[in-house]
Every structure is written in structure tokens, then in C-alpha cells.
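Residue numbers (the working numbering), protein chains in the order written: chain A, 16 to 250; chain B, 16 to 250.
Beta carbons are placed, not taken as given, at the ideal position from N, Cα and C, and that holds for glycine.
Number of protein chains: 2
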Amino acid sequence: MSTVFMPMHMRPTAGRIAYNDSILFNEMTPSELDRLDTCAMEVKYDAGEYLFRQNAKSDNVFNVISGTLAVERISSNGHKQIVCFLFPGDFFGITDADHYDVVVRCLTKTQLYKFSRKRLYSLAEVTPHLKSNIQQISARIFSRVMDQLFILGQKKAHERLCFLFVQLLERMPGARPDHIELYMSRQDIADYLGLTIETISRSLAKLKKENLIAFPTLNHLQILDLQRISEMAET
Amino acid sequence: MSTVFMPMHMRPTAGRIAYNDSILFNEMTPSELDRLDTCAMEVKYDAGEYLFRQNAKSDNVFNVISGTLAVERISSNGHKQIVCFLFPGDFFGITDADHYDVVVRCLTKTQLYKFSRKRLYSLAEVTPHLKSNIQQISARIFSRVMDQLFILGQKKAHERLCFLFVQLLERMPGARPDHIELYMSRQDIADYLGLTIETISRSLAKLKKENLIAFPTLNHLQILDLQRISEMAET
DNA sequence: CGCTACATTGACAGCGTTCAAGGTAAGTGG
DNA sequence: CCACTTACCTTGAACGCTGTCAATGTAGCG
Chain A
16 MSTVFMPMHM RPTAGRIAYN DSILFNEMTP SELDRLDTCA MEVKYDAGEY
66 LFRQNAKSDN VFNVISGTLA VERISSNGHK QIVCFLFPGD FFGITDADHY
116 DVVVRCLTKT QLYKFSRKRL YSLAEVTPHL KSNIQQISAR IFSRVMDQLF
166 ILGQKKAHER LCFLFVQLLE RMPGARPDHI ELYMSRQDIA DYLGLTIETI
216 SRSLAKLKKE NLIAFPTLNH LQILDLQRIS EMAET
Chain B
16 MSTVFMPMHM RPTAGRIAYN DSILFNEMTP SELDRLDTCA MEVKYDAGEY
66 LFRQNAKSDN VFNVISGTLA VERISSNGHK QIVCFLFPGD FFGITDADHY
116 DVVVRCLTKT QLYKFSRKRL YSLAEVTPHL KSNIQQISAR IFSRVMDQLF
166 ILGQKKAHER LCFLFVQLLE RMPGARPDHI ELYMSRQDIA DYLGLTIETI
216 SRSLAKLKKE NLIAFPTLNH LQILDLQRIS EMAET
């Protein structure tokens, strides 16, 4: 029996991952999952560690079990753009390029499944469900990058923050409007939204003063008026 | 004999498309090209026309023969972000999503090959070269979007313009430092770079005053100091 | 010539950055 | 338990880039 790909309800991680998990495994039979198992292993990282070094060959696909990560692009002159955050259930490394042009940093302790990309893709060739699942994930990633492109090109600071909030709500397992845990620092948020840390602070203050959000603690965000936050986030 | 996919040097369009053409056809045999022909047709549009309507099913893949196009994303409240420009040889529609979330507008008279996406993809399944070519194109498109994400998040107005210039040089067939024809309006440039038309005008004026660029006519750009322009464009 | 569409320039306001100071929370060691 | 350190966040003031509004300039076309 597969250890890594036991049915979710039988696995030790069961219940930990609330949703957007296992898109990769949708509709797959136990025997297919067993074969998927052969190209995967479980890996762990501490906060601050990187999954691979800059310009590494894109040999692996990662699936987040637990933890939060940041996909980063850093220019020669030191500017950093965070491309996206990764949450439990998310994938990284589904690409047709042979080298990563980004690095991936763990914001917290992190557990992942690590797949051999080559073997995963070969398996997909003979496993229609797997292939279609990979395509679906790929489409989602692209669509998300397009959203961010739009945000960076068109939105003001406080609107960008609202966009982030809505994204966190939708993508972080267990997030509720009255309880969103920010695992990323203010600097990370700034690097994600193309702003400075001071602007983030000030915009948060503005939204607080307007009673749209609250911060019981520094990293515990509450959305008080989801309606208006969503409107401002709109892409 | 295939009409659409005759070897380049025998076709009426030969010589028109200078480079980045035909990545799709790399390494393919004449008989494979003949089969590719069966899922393609040639289509023409006038300046200002759209290839399809918003939220259309993504049934087709387009390959630009001649002309310049803009891939646009428009929000409900009227903001427009141009995602990329398309030049001869470029592709659009290589996606795993089943609907386009953008529209494509012709900036000039345009000729394209229009492929049935479904048939193109099926053919790719049995034609390794074709499949690998499609993956290569797909990787390039993604990489380009990432470049723009970085630009929009990190760069100042005049640097964004330099980025555009370098891109035009690299991607527009026939473009030389002393002769770059701008087929897009100042407004299009603004929508591409996430700025206003006035900022574009002023930043162009600034670059002109510093003798980095010149404009013999409104839409004929010359790059006088490619070295420095490239440095500022750097991603 | 005059119309129209597009581009440039100017003045001004506002948003976001920069630089600097101050505040807060968690951890350390006396 | 409390000073001290450290890392991170917030706030303030001044500056500058970009947006906005308005006027002017320019090229193409009937």
C-alpha cells in the first residue's frame, strides 16, 4: 500500500489540509496513486530555507503539505518581487521551462511532497486523469499570475492589500474572515504588492481607521467588512 | 503539397517574417507539416478588430503572420492592462484553460494562422517535435509574463519604457536600434506599462533630453545608447 | 482650411518613497 | 523579575514621482 498516497482519510495528514489539496489526485484510482507514489518523497524545511538555489534545473514538482512559502524573483540590483505565496495543497514546479527563474523560500516550517518532474510527466502521459489535473493546476497558476499583473499595473496601495486579503481567504486552508493568520512579514507583503513596508503599514492603518479590518494581534487579521474589501480587491 | 506550411523559403510570406517565426515548425518533417496544415486556416483582420469576444472558449491557437496585436485584460470598472504585444511569429492561445480571460486587439492590419486548438494538441500527442515546440513556446510566454510582473512591481516609469524598447528590439522582426517602428499608440504603451499617457510622454521627453533615444517621427524610435537603455531595462 | 484624433506640456495635487525616529514584542542573561 | 537586546513594525516629515485636469501643439484627412 502506498504510504504517501494513501486515501486522504487514512493518512496521518488527513484533516490538516482543508481544501485546494489533492487536485493532482482527483479521480485517480488506488493503483494509479501507487504509481504516483514511486516518483514522490516527503521533504521538510525550516523557516528561512530555500527549496533550491537560483537558476537550478527544474527537476522537481513540489506539493505543499503544511507551511507557507514565497516564490521570489530577485534582480541583479537587489530588487525583490514575490510572485506568489504557496499554501497547503498548492503546487510549485509545474512548468515547461528547464530552469527555474525564481527561488522558493519557506516562511514557516514546511512539509512537502517532492516529485521527480520527469517521472511525474511520463506517468501523466499514460494516466489521463493525472494529465488533466496537471493542466488544470497549470491553468490556475497562470490565471493567478495574470491577476497579479493586473493588480500591480492598475491598483492603489490599499486596493492591493484588499486583493491580498481576499486571496488569503480563498487560498489559506482554515482562513475565515474573522481569523486570517499572516505568516508573512510586512516586508514580504510589500515585496508581493510592489510597495514599501512603510506604505503597507500606512495603508493597513487607513483600513483599520475605516473599520474595514482589525488586528487583534500583529499577525492575526480580521476582515470586518468583506463586502467592501472584496469590491476594492476586484480584478 | 501543403499550402499553409510549405517550407518557409517557398512560401509567399517568406522573407516577411524575419525571426521568432516558426518555432512551432522546428524540426518537423514535410509530412508532419502537411498534417499540421489540416488544423489551420489563414485569417485576416483590420486594425481595431478583436480576434474573439470576452470570455470566449479558448478553441483556437493563433500564429501571427504579419501585424501587431495587443493582449488585453479589462476590469469591470474600466481599467485596462495590456498583458503583452504580439508580433509576427508570435503565438497566442497556447493555454490549458478552457476560456480566455483576455481579449486580443489588432493594432494594425493583421494576418494570422488560426489552428483548432483541440486538433493541434491531438496532433502534438503523436508528433514529439511539435509537442516539444509547443512546450517551448509556452515556457517563453510564461517567462515573459514574469518579466512584466517584475517590471510593474519594481521599476520606475522611464525604466519601464526602456524595458519595452529592449523587448521591441528583441521581438519585432526587422527592428534595429536606429529603426524601431511603434505600431502602438502612447495610450497602449501606458496600458502596457501600468502608467498614464502623460507620464509616458514626459518620460520619453526625459530620455530624449538625455540623448538616449530620438524620434525622427512620432512613431519611429531610435535608440542612441543601447548600453544604458539595456541597463535601465534590466530585469 | 478646418476637423479630428492623438501627443505634448504645464500647473498642481496626492500618493508612495525615503530617511529618520520611536514603539512593540519576544528572547536573553544578569 | 527586570534591564537589555534584537527584530520587526509604526509613525512622522520632506521629497519626488506619477496622476489629474487643462491647455496647447501636431499630424492626417476630408
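Enumerate in chain order the residues of its own chain whose CB-to-CB distance from residue i is below 8 Å, with the five nearest sequence positions on each side excluded.
| i | result |
| --- | --- |
| E42/B | H144 and N148 |
| E2/B | A query on residue 2/B cannot be resolved here, the shown segment of chain B reaching from 16 to 250 and no further. |
| D116/A | N70 and R88 |
| S73/B | G108, T110, A112, D113, H114, Y115 and R132 |
| P235/A | The question names Pro, yet the displayed sequence has His at residue 235/A. So the list reads H194, I195, E196 and L197, once near-sequence residues are dropped. |
| P231/A | Q237 |
How would you call residue i, buried or exposed, if buried means at least 16 neighbouring beta carbons within 10 angstroms?
| i | result |
| --- | --- |
| P45/B | exposed |
| L233/A | exposed |
| N226/B | exposed |
| I244/A | buried |
| H114/B | exposed |
| Q242/A | exposed |
| D203/B | buried |
| E64/B | exposed |
| N78/B | buried |
| G189/B | exposed |
| E174/A | buried |
| A220/A | exposed |
Any C-beta of chain A sitting closer than 8 Å to the C-beta of residue i?
| i | result |
| --- | --- |
| D105/B | no |
| T214/B | no |
| G209/B | yes |
| L167/B | yes |
| E174/B | no |
| M247/B | no |
| F180/B | no |
| L164/B | yes |
| V98/B | yes |
| A112/B | yes |
| F130/B | no |
| T53/B | no |
| F67/B | no |
| T250/B | yes |
| Q150/B | yes |
For a quick check, are the C-beta atoms of residue i and residue j less than 8 Å apart?
| i | j | result |
| --- | --- | --- |
| Y60/B | C99/B | no |
| L127/B | L51/B | no |
| A172/A | T214/A | yes |
| I38/A | Q151/A | yes |
| V118/A | Q69/A | yes |
| H194/A | Q169/B | no |
| A154/A | A154/B | no |
| K133/B | G82/B | no |
| F107/B | F157/A | no |
To which residues of the same chain is residue i closer than 7 Å at the C-beta, ignoring the five residues directly before and after it?
| i | result |
| --- | --- |
| D36/A | Confidence at D36/A is low in this model, with a pLDDT of 48, below 50, so its placement is unreliable and the value that follows should be read with caution. P103 and G104, listed in sequence order. |
| A229/A | K223, Q237 and L239 |
| R159/B | C99 |
| A62/B | C121, L122, T123 and K124 |
Going by beta carbon distance, what residues of the same chain come within less than 6 Å of residue i, once the five residues before and after it are set aside?
| i | result |
| --- | --- |
| L135/A | C54 and V76 |
| S131/B | C54 |
| M199/B | L122 |
| L184/B | A190 |
| I212/A | R201, Q202 and A205 |
| L176/A | S218 |
| T142/B | E47 |
| M250/B | In the sequence as presented, Met is not what sits at residue 250/B; that position holds Thr. Cβ neighbours of T250/B beyond the five flanking positions: D162 and F165. |
| K146/B | A139 |
Answer yes or no: does any C-beta atom of chain B fall closer than 8 Å to that of residue i?
| i | result |
| --- | --- |
| S91/A | yes |
| H144/A | no |
| M199/A | no |
| M161/A | yes |
| R88/A | yes |
| S153/A | yes |
| D116/A | yes |
| H194/A | no |
| H94/A | yes |
| F157/A | yes |
Give the C-beta separation of residue i and residue j to the nearest angstrom, bearing in mind that I take them to be a contact with Cβ-Cβ under 8 Å.
| i | j | result |
| --- | --- | --- |
| D206/A | Q96/A | 6 Å |
| S90/B | F165/A | 7 Å |
| L179/B | G209/B | No, L179/B and G209/B are not in contact; Cβ-Cβ is about 12 Å, not under 8 Å. |
Tell me whether residue i counts as near the ligand NAD, meaning its Cβ is closer than 7 Å to at least one heavy atom of that ligand.
| i | result |
| --- | --- |
| L241/B | Annotation note on the ligand NAD: not contained in the displayed structure, which lists no ligands. |
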